[in-house]
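Visitor:
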Amino acid sequence: MMELNGKRNKVDCERPIHVSSEDVKKALLSRAIEARIPVLRLELDYELMSLHDAIVSGNAVERERVKSRLQDLRQEMLMYEMFSQKHAGGTVQK
0 MMELNGKRNK VDCERPIHVS SEDVKKALLS RAIEARIPVL RLELDYELMS
50 LHDAIVSGNA VERERVKSRL QDLRQEMLMY EMFSQKHAGG TVQK
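Residue numbers are given in numbering that gives the first Met the number 0: position 76 of the sequence shown equals residue 75, and the series is strictly consecutive.
(1) Identify the continuous alpha helix (DSSP H) that holds SER19 and give its terminal residues.
(2) Taking Cβ positions, are LEU39 and MET78 nearer each other than 8 Å?
(3) Where SER19 and ASP71 are concerned, what is the direct C-alpha to C-alpha distance, given to the nearest angstrom?
(4) Would a C-beta distance cut-off of 8 Å place VAL65 and LEU50 closer than the cut-off?
(5) If you drop the 5 nearest sequence neighbours on each side, which residues of the same chain put their C-beta closer than 6 Å to that of GLU61?
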């Protein structure tokens with residue numbers, strides 16, 4: 000709602016808000032990503048500690064499992080970074 004006041008008259012203008020389903024999807028996805036990133040960082044920290052423990056103990060099987068999990072988490076984080084750059088108007092570079 001917008002009011003314009005002139006010398007003698009007052010004009011009320013209403014503009015309809017157009018929100019597409021694509022806008023709603025982007026907003027929901029963006030909120031989901033914002034909520035996931037702190038959890039993802041905690042998971043990365045935990046897996047890094049697990050990798051350290053596996054290296055110190057010499058457990059090659061656990062070390063490879065953790066490295067695989069870290070790779071998956073890294074890919075997820077990169078995907079989120081590309082999404083936020085793309086939807087924030089930035090350019091995505093490889």
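Here a beta-carbon is modelled for each residue, glycine too, at the ideal position from N, C-alpha and C.
Guide: By the coordinates alone:
(1) Here residue 19 is taken as the residue at index 20 of the sequence shown, counted from 1. Element bounds for SER19: n/a, residue is neither H nor E.
(2) As a first step, residue 39 must be located in the sequence shown, where it is residue number 40. As a first step, residue 78 must be located in the sequence shown, where it is residue number 79. For LEU39 and MET78, no; Cβs fall outside 8 Å.
(3) Here the question's residue 19 lines up with position 20 in the sequence shown. Here the question's residue 71 lines up with position 72 in the sequence shown. Roughly 33 Å separates the two Cα atoms.
(4) Reading the sequence shown from its first residue, position 66 is the one you call residue 65. Reading the sequence shown from its first residue, position 51 is the one you call residue 50. If you check the CB distance, VAL65 and LEU50 come in under 8 Å.
(5) Translated into positions along the sequence shown, residue 61 becomes position 62. Within the same chain, and ignoring the five residues on either side of GLU61 in sequence, the residues whose Cβ sits closer than 6 Å to its Cβ are ALA53.
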